[in-house]
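Notes follow the structure.
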Ligand SMILES: Nc1ncnc2c1ncn2[C@@H]1O[C@H](COP(=O)(O)O)[C@@H](O)[C@H]1O
Ligand SMILES: Nc1ncnc2c1ncn2[C@@H]1O[C@H](COP(=O)(O)O)[C@@H](O)[C@H]1O
Ligand SMILES: Nc1ncnc2c1ncn2[C@@H]1O[C@H](COP(=O)(O)O)[C@@H](O)[C@H]1O
Ligand code: NA
Ligand code: NA
Ligand code: NA
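Residue numbers (the working numbering), protein chains in the order written: chain A, 1013 to 1115; chain B, 1013 to 1115; chain C, 1013 to 1115; chain D, 44 to 369; chain E, 44 to 369; chain F, 44 to 369.
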């Protein structure tokens, strides 16, 4: 099967800022994104857990974007600009996809 | 620690078709799979969100399979065949595992 | 954008043992970890599903740690020691991060 | 009560207003949300409660041939309405055959929440209704799907069908919402008054309040659908979402008299015909006709027809029932 | 009421029927499901309600030495039953020492939902029971785990034990289900009648209905477990899951008379002994004896013993209590 | 009732005790937990119920100028309290300007659960209160955020502000908790007694019990916050979390008399001023002042001020209201 090499950007971000991030992604014209839940974690800001919280404050989400390598910097810079002001981390990894023209 | 190189296939698929996919994986005789929840996303089919939906329609799940490289095509072809008819995307990436004989 | 190469360790572990793992990670002095939910799966121990279960037994969670390559073995050995006694699998993959000094 | 009074009273009920609140909240992009798990729990509760109550009613009134006849009529309607719907859609809109068949399936099937809202209106009018209408609701979920598949197959290239109809029907018939509805119905029937007295503080007393919460959620989902999916709906399609329930209602009304249904029963039977599914059928369509665009059928059913029925349709059907039955 | 009448009436109760509905739905592979978060909320509700009611009862009746004695008897039973169970399993099945110890632990501990179902049967017979039995239930959760660990250690290679028993017991004693049960018990005790009048529309009136919903979920989980785990269970093991509760029940019955329990109290005390844990102990076993196969103990406890107790066991224990106590 | 009796009775209420149970469970590191989805459902229920009841009260009593005046006073307080709070924090602690502004915002806004707990105490004293205080609660959520932003901007380097205040206010005003509170208030107002009779078995009867469950959850979250965030809180900051509510309460008490509030109404108005937000404002602060440390403001508001108000504050405010109003 023919496969195409792409980049996967994963943004772990505090939940209250999620809408800002997805609005930004909309403006950046990525072909899509996927939001996944996070139960908890630990980092420099201490321990987090989603349990029992009735509001978004104190919880995180993970937003992934699959994009072509040549679009990487274009997406990463504004995204990182937003994430820097918030609690969050950004990781980038390699993935292969099948319908390459879709990303 | 000795590590073995494997492939990780991640299938993001609309939830109503989940059982079809896992039934297919059973028939393909993979050693296992893992299902993770997805909160929402955006793509060519528009924006999705899991919130408030009492049924599976309109939601997605992520199914990952770790497999040996030599089994990749054998698994990918029928899986992609199924995914093509549905809303979903397939990505493949490299992972290392420790108990290599298990996958 | 300058990026730094790191390792991402993902531990899929039965939920009752989660606290043991995160306590271990605390002792190992990793810079952080992230816990994500798992809905279900299948492996040598059979089929799992989170649905309807009022207790942690019979469910799994995914714990990811991003760490510098040189710390990998230091983290992996005790982690794998714990996971070996339980139901769980460990995968390692490459990721790039932006604020490299944080991991 | 005049039909206008009825409509006004219905529009000013907490149920309709909470639905409207949900729609409004979605339209102003509020982050108000009912978690998915909570929405599923509420839906489960409503189906368990309505099924059990129906069964308990039947245990009181006993069985008669009217039940079998009405069930048969329901099956017939559920099969025929999609054919009519398909015809109207193809004549009046630009939808292709697959999309048209998928939409039509939704209108042949039923919306249990619309049914529940109608029982509240019927009870508000001091009317009783036949408990077995729950069973009629359950049997009306599936035939529409068969009809839609037959319609779609004519349009599909041979061999591409993929799934066998048998496998699909098995999946649809073991659908959770049907199982809990039918199961609770039989449990209500078996345990009768004794069972009812045991669990009525759970399934009767707080029922309306919980329905309000669920309708708030439905409003949120419908509003979000409208915001995102409105551009998929052409004016003729929106019109279909409003006039076609009246077509289905007329078919049901014509059957209600010979079936000998009570006034309340006729109102509910008409409501079933006029309502469109947005839980069981969308999931079935994703399996049966994955090529059909879900934004179209979900938005039309939940964003147009459901609010129409909830606000104006139900009082209208009740008024019609008062004229023709009784 | 004769024991047969009692059994029939119990089998035809909404509680048992909803459990059966869940099992049936799982066996026909329906997608009916209670979301995890909802199941946890329901479990929390049941434990809060039953704990509070027990405490409120004790605040009415006051303390007496019977309470201390019954608690002591409960601890003893919870410790001894696993030893007996281990013996029977090793004699009659091919399970290894670790698996046998893990299974035995479940039978020494208790199932709070079985207890709750038994209180409904007892109340249905017009019987009262000692409120402090909730406290007995709480103390019976843990000793069985200790007994099982002692059994397993004899079989394990030295040094491999890993976890200290102290750490494990701390984890088990702060288990959420014990904390809410005991906490609500004390709150019910402290606030007494005043507290009860404040929250009884929440914890008393809808209790049975919510129990039905939870039992539906338990049925779904049990049915799924049976479908997937049945091949792990040999016929002698299945037999154990049915006859061993009778052994435990006999031990408890022998103690109930000298303890001076009321008829209702004796029925519940026997039920506690006969019931097998499927919430607290499975999680503890994953930590204490991770080598044991969870499919075996979960399927046996939830798929065999729980339905047996729910349907036939409880009426039997109630009938025995009526003979021996009062 | 003397203030001491009132405090004792309040401390021994199921509500306060379940909160304490939650705190204790978190401190002993129990795994007791309320799932996130359940916590959100409970919060939604409480806001829907309290909003609806307020609206239904207003529909009974009718509108008067007192309502407009009290709303105005609430807005004023919500704006002024953060200024006072900022001053106290900067004088007495080492917090920087941004952290101080973020903390101050929480105290200008309100905690709806504290309000709800106070209504229970007020009702327990046999007092009535003005239904429109719900509307006052709703309008007091936002102005504090504006005040805090103005404070923070003085301290921030120019140009770095990022978000426009307009965009932020839009987000805050469409916050889910405000929308459901205000929406339910209007629905209660419109449907009045008829609506209330339809849904009171859901929103009135089980209300206190559900509140207990929610307070258990709040206790768990507060206890976890204390365990993890305590080292962020210096003694002067902890002191602020206890004395500053008394400052806010005094301001509100001074306004309550000229506003002509009833005794119950004055108690609630004072409670609103004294309470600190831990749902809406923390989320807003993450957007508006992301540089502020959430561990500080969440721990102080939920771990210190909330328990203080719940246990001692509310009876005190009620006692003050009995002196000054009526
Ligand atoms: N080394 C790491 N590996 C995995 N996740 C991390 C790591 N560091 C931080 N995180 C996640 O990012 C969140 C915020 O990190 P921090 O800003 O360092 O508190 C944490 O709560 C974790 O969920
Ligand atoms: N570029 C992308 N990156 C990440 N996820 C995507 C991307 N494109 C699509 N998706 C996900 O796949 C789903 C279906 O995609 P589509 O079929 O394009 O609508 C979306 O709702 C997203 O969750
Ligand atoms: N090949 C695989 N690919 C993805 N996930 C797997 C695989 N094998 C096992 N798993 C996951 O790991 C869990 C435990 O595996 P096992 O110990 O083999 O039963 C399974 O329930 C799956 O969730
Ligand atoms: Na219909
Ligand atoms: Na037992
Ligand atoms: Na305040």
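Glycine residues also receive a C-beta, built at the ideal position from the N, C-alpha and C atoms. Quick caveat, the model's predicted, so the values are computed rather than measured.
Would you grab the beta carbon distance between residue 288(E) and residue 356(E) for me? Rounded to a whole angstrom, and I think it's under 8 Å.
-> Confirmed, Cβ separation roughly 6 Å.
What's the gap between the Cα of residue 186(D) and the Cα of residue 123(D)?
-> In this model, residue 186(D) and residue 123(D) are separated by some 9 Å (Cα to Cα).
Does the separation of the CB atoms of residue 147(E) and residue 194(E) fall below 8 Å?
-> In this structure, residue 194(E) lies closer than 8 Å to residue 147(E) by Cβ.
Closest by C-alpha distance to residue 1060(B), when choosing among 267(D), 121(D), 171(D), 179(D) | Answer by Cα proximity: 267(D).
Is residue 1108(C) near ligand 3, in the sense that its beta carbon is under 7 Å from a heavy atom of that ligand?
-> Answer for residue 1108(C): no, Cβ out of range of ligand 3.
Nearest-angstrom Cα separation, counted from residue 1063(C) out to residue 70(E) = So the two alpha carbons sit approximately 15 Å from each other.
Among 76(E), 364(E), 92(E), 360(E), which one has its Cα closest to the Cα of residue 217(D)?
-> Of the listed residues, the one whose Cα sits closest to residue 217(D) is 76(E).
Roughly how many angstroms lie between the CA atoms of residue 1069(B) and residue 1025(A), to the nearest whole one?
-> Computed Cα separation, rounded: 27 Å.
Take residue 63(D) as the anchor and find which of 129(F), 222(F), 145(F) has the nearest alpha-carbon.
-> Here the closest residue by C-alpha is 222(F).
Please name the residue in 1014(A), 1013(A), 1019(A), 1015(A) whose C-alpha comes closest to that of residue 1080(A).
-> Considering only alpha carbons, the answer is 1019(A).
Inter-stretch contact (C-beta, 8 Å, three-pair minimum) for the segment 347 to 365 of chain F and the segment 1091 to 1104 of chain A | The segment 347 to 365 of chain F is not in contact with the segment 1091 to 1104 of chain A.
Verify the CB distance criterion: does residue 1108(A) have a CB-CB separation below 8 Å to chain B?
-> Yes - at least one Cβ of chain B is within 8 Å of the one on residue 1108(A).
Using only the heavy atoms of ligand 2, determine whether one of them is closer than 7 Å to the beta carbon of residue 83(D).
-> In this structure, the C-beta of residue 83(D) stays at least 7 Å away from each heavy atom of ligand 2.
Kindly indicate if chain B contains any beta-carbon less than 8 Å away from that of residue 1049(C).
-> Look at residue 1049(C): its C-beta is under 8 Å from a C-beta on chain B.
Backbone CA spacing between residue 364(D) and residue 335(D) [nearest angstrom] = Near 36 Å, if we compare the C-alpha coordinates of residue 335(D) and residue 364(D).
Is it right to say residue 312(D) is buried, meaning 16 or more other beta carbons lie within 10 angstroms of its own, or is it exposed?
-> Residue 312(D) is buried by the Cβ-count criterion.
Determine whether the Cβ of residue 117(E) lies closer than 8 Å to any Cβ atom of chain F.
-> No - not a single Cβ of chain F is within 8 Å of the one on residue 117(E).
In chain order, what residues of the same chain have a beta carbon less than 7 Å from the beta carbon of residue 159(F), not counting five sequence neighbours either side?
-> Excluding positions up to five away in sequence, the list reads 89, 93, 254.
Residue from 330(E), 61(E), 228(E) whose Cα sits closest to the Cα of residue 209(E) | Measuring from the Cα of residue 209(E), the nearest candidate turns out to be 330(E).
Residue 1022(A) beta carbon less than 8 Å from that of residue 1076(A) = The criterion of a C-beta distance shorter than 8 Å is satisfied by residue 1076(A) and residue 1022(A).
Quick one: does the C-beta of residue 344(D) sit closer than 7 Å to a heavy atom of ligand 6?
-> No, since every heavy atom of ligand 6 falls outside the 7 Å radius drawn around the Cβ of residue 344(D).
For my contact list, residue 1050(A) and residue 1078(A) are in at a C-beta cut-off of 8 Å; report their separation, rounded to the angstrom.
-> At roughly 19 Å, the Cβ-Cβ gap does not stay under 8 Å, so residue 1050(A) and residue 1078(A) are not in contact.
Residue 1095(A) at chain F interface by Cβ criterion, 8 Å | Closer than 8 Å: no.
Would residue 286(D) be called buried (16 or more neighbouring beta carbons within 10 Å of its own) or exposed?
-> Burial call: exposed.
Cβ of residue 294(E) within 8 Å of Cβ of residue 339(E)?
-> No, Cβ-Cβ distance for residue 294(E) and residue 339(E) is not below 8 Å.
Helix, strand or coil: how does DSSP classify residue 162(F) here?
-> Here DSSP, grouped into helix, strand and coil, assigns residue 162(F) to helix.
May I have the straight-line CA-CA distance separating residue 1105(C) from residue 139(D), to the nearest angstrom?
-> So the alpha carbons of these two residues sit roughly 46 Å apart.
Any C-beta of chain B under 8 Å from that of residue 79(D) | Cβ-Cβ to chain B under 8 Å: yes for residue 79(D).
Should residue 1079(C) be listed as close to ligand 1, given that the test is whether its C-beta is under 7 Å from any heavy atom?
-> In this structure, ligand 1 has a non-hydrogen atom nearer than 7 Å to the beta-carbon of residue 1079(C).
Can residue 1103(A) be considered in contact with ligand 2, in the sense that its beta carbon sits closer than 7 Å to one or more heavy atoms?
-> Not so, every heavy atom of ligand 2 lies at least 7 Å from the Cβ.
Own chain, CB closer than 6 Å to residue 212(E), minus 5 neighbours either side, in chain order = Closer than 6 Å at the Cβ level, and outside the excluded window around residue 212(E), lies no residue.
Mind listing which residues of the segment 52 to 76 of chain E have their C-beta closer than 8 Å to chain D's C-betas, in chain order?
-> Residues 55, 56, 57, 60, 61, 64, 67, 68, 71, 72, 73, 74, 75, 76.
Rounded to whole angstroms, what's the CA-CA distance from residue 321(E) to residue 344(E)? Just pull it up for me.
-> Approximately 6 Å, taken between the alpha carbons.
Would you say residue 329(E) reaches chain C, if we count a Cβ-Cβ gap shorter than 8 Å as a contact?
-> Proximity of residue 329(E) to chain C, defined by a Cβ-Cβ separation below 8 Å, is satisfied.
Tell me whether residue 300(F) is buried or exposed, calling it buried when 16 or more other Cβ atoms sit within 10 Å of its Cβ.
-> By the Cβ-count criterion, residue 300(F) is exposed, with fewer than 16 other Cβ atoms from all chains shown falling within 10 Å of its own Cβ.
Could you check what DSSP says for residue 1103(A) in three-state terms: helix, strand or coil?
-> Under the three-state reduction of DSSP output, residue 1103(A) falls in the strand class.
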